[in-house]
Amino acid sequence: MKKFQVDRGAIKFVLSGANIMCPGLTSPGGALDEEVLEETPVVWTNNLSTYRHGVGQYGSDISLLLVWAQHAVLAFLDCEAIMAEGKQHALAIGYTKLSAKDIKTINKGIGVDNMHYLNDGLWKVHPHTPIMFNYPTAFPPPGNQSAKTLEPKRREEEQSNSERQWVSISSPAAGARRRGALPRGPTMSTSNFSSRLNWLALLYRFLVRRTGSKFNAVILKRLFMSKINRPPISLKRLITFMNGKDNKIAVIVGTVTDDKRVYEVPALKVTALRFTETARARILKAGGECLTFDQLALRAPLGQNTVLLRGPKNAREAVKHFGKAPGVPHSHTKPYVRSKGRKYERARGRRNSRGFRV
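Here the sequence shown is numbered in the UniProt record's numbering, starting from 1 and rising by one per residue.
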């Protein structure tokens with residue numbers, strides 16, 4: 001039966017007839033030469049004064065990281081630093097709060113060049129939490145299996161996990177661009193928006209994946225848009241677009257606002273992200289319905305009997321100032337003026353003293 005051999009400097013894994021130095025465990029209290037069975041559970045604790053396993057209790061000698069002997073794999077679970085008693089010995093694997101100079105001194109003392117492993121990229125960390133370590137390339141496979149028998153399995157795992165992109169914690173990926181040169185793609189996340197939009201994004205991601213409906217894909221895309229690209233639509237414009245479309249649901253990924261220029265409101269079925277109080281009251285008073293997108297997903301999961309609408313995107317005040325210079329022939333651009341009055345922007349474009357002359 002394979003065994004652990006715990007000594008002063010680190011733990012040696014006795015696997016496949018070879019002693020493999022695992023840089024990870026230190027014993028500042030003194031030499032520990034006791035052998036531990038492979039099946040013995042070894043646990044680590046945040047309390048640095050206690051360490052227990054199946055053989056005995058070492059008291060304040062050592063605080064160990066979670067180690068499974070059967071796999072010879074280290075798993076880092078929400079640990080910024082693994083330190084021994086008094087911070088005299090620490091792990092240089094993964095993240096540590098010690099400086100590089102302190103780690104180098106510790107490594108020299110215990111005789112294990114941990115930073116060499118990091119610089120060679122042998123330890124690789126998954127970019128998401130919890131932090132997980134894969135097999136170091138220099139370690140032999142665990143158990144009685146040989147490297148040749150495990151090679152096809154590892155290739156299959158690499159192909160199946162191609163999307164998981166294990167990233168080296170020591171050096172940047174090859175061909176990585178500088179921060180300012182990263183290409184900007186379409187926004188496919190609602191992380192900057194409210195939690196309600198996050199839930200709607202999850203719902204319509206599911207509908208797009210399971211139904212393949214273009215209507216759901218458009219809704220999902222518009223949920224990711226910025227506020228400028230989700231302009232509000234007035235009640236008057238909504239009534240105009242829904243004229244002659246009875247028993248259909250108007251769908252707006254945005255806000256529905258009231259319009260006092262409208263006196264008679266027909267019965268409308270409207271789905272929107274938000275309704276103003278007066279717009280909602282007038283629609284409900286006329287016998288209509290104000291629906292949410294989760295209610296729409298139950299009524300029309302494929303977008304049947306719906307009319308997809310949007311408000312005017314270029315009706316903002318800022319857009320009125322875009323275009324040719326104010327006063328240039330055929331220009332209808334609104335000028336930026338300090339004030340409106342007798343002495344401001346007089347005869348612009350007609351004489352040189354007033355900006356320019358045509």
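A virtual CB, placed ideally from N, CA and C, is assigned to each residue, including glycine.
Between residue 269 and residue 250 the beta-carbon gap is near 7 angstroms, inside 8 angstroms, which marks them as a contact. As the crow flies, the alpha-carbon of residue 331 is around 33 angstroms from that of residue 253. Bridge partners of residue 264 according to DSSP: none are assigned. Here residue 288 is actually not in contact with residue 272; their C-beta atoms are around 12 angstroms apart, not less than 8 angstroms. Cβ neighbours of residue 235 within its own chain (closer than 6 angstroms, five residues either side excluded): 258, 259, 262, 279. The segment 300-313 makes no contact with the segment 331-347; the number of CB pairs closer than 8 angstroms stays below 3. Straight through space, the alpha carbons of residue 244 and residue 305 are spaced by roughly 13 angstroms. Its chain contains 216, 217, 220 as the residues whose beta carbon lies nearer than 6 angstroms to that of residue 208, once the 5 sequence neighbours on both sides are disregarded; these appear in chain order. With respect to the C-alpha of residue 318, the residue from 228, 247, 285 having the closest C-alpha is 228. Positions of the alpha helix (DSSP H) runs, each at least 4 residues long and wholly inside the segment 248-292, are given as 277-285 in order along the chain. Burial state of residue 293 is buried, judged by a 10 Å Cβ sphere holding 16 or more other Cβ atoms. In this structure, the CA atom of residue 323 is about 23 angstroms from the CA atom of residue 353.
Counting along the chain, the unbroken beta strand (DSSP E) around residue 306 starts and ends at 306-309.
For residue 246, same chain residues with a beta-carbon under 6 angstroms away, outside a window of 5 residues either side, do not exist.
In the same chain as residue 274, and ignoring 5 residues on each side of it, the C-beta atoms closer than 6 angstroms to its own belong to 255, in chain order. About 11 angstroms separates the beta carbon of residue 327 from that of residue 346, a gap too long to meet the 8 angstroms contact definition. Looking at 265, 291, 297, the one whose alpha-carbon comes closest to that of residue 283 is 265. Judged by DSSP in its simplified three-state form, residue 195 adopts helix.
Rounded to the nearest angstrom, the gap between the Cα atoms of residue 203 and residue 277 is 26 angstroms. Take the alpha-carbon of residue 355 and the one of residue 233: they are about 38 angstroms apart.
One thing to note: residue 302 has its Cβ within 8 angstroms of the Cβ of residue 211.
Taken through DSSP and simplified to helix, strand or coil, residue 237 comes out as helix. Straight-line spacing of the CA atoms in residue 358 and residue 285 works out to 56 angstroms.
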